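These notes concern the structure reproduced below.
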Ligand SMILES: [Zn+2]
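Numbering (the working numbering), first residue to last: 203 to 263.
Okay, structure coming up:
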């Protein structure tokens with residue numbers, strides 16, 4: 203187990219929906235609108251965003 207220095211507060215909940223695992227670099231990339239209730243928020247980590255060309259949600263190209 204490696205001692206982790208406190209990361210600079212990741213904006214996401216620490217979960218990547220693409221590789222379906224915890225990540226310290228996950229950020230919100232999409233919100234799926236649902237018929238009822240709040241949209242489903244999708245987070246992706248750095249490697250997954252690079253692989254799939256994802257951009258943080260709300261970021262204009
Ligand atoms: Zn990922």
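For every residue, glycine included, the Cβ atom is placed at its ideal position computed from N, Cα and C.
The model shown is predicted, which means the values in this text are computed figures rather than measured ones.
Problem set entry | Bridge-paired residues (DSSP) for residue 217 | Answer by DSSP bridge pairing, in chain order: 224.
Exercise. Using 7 Å as the limit for Cβ to Cβ distance, is residue 249 near chain C?
Worked result: Looking at the structure shown, chain C is missing, and only one protein chain is on hand.
For this session: Rounded to whole angstroms, what's the CA-CA distance from residue 245 to residue 261? Just pull it up for me.
Result: Approximately 14 Å between the Cα atoms of the pair.
Problem set entry | Among 240, 253, 216, the one whose alpha carbon lies nearest that of residue 229 | With distances taken between Cα atoms, residue 229 lies closest to 216.
Exercise. With a CB to CB cut of under 6 Å and the five nearest residues on each side skipped, what residues in its chain are close to residue 250?
Worked result: 218, 220, 221
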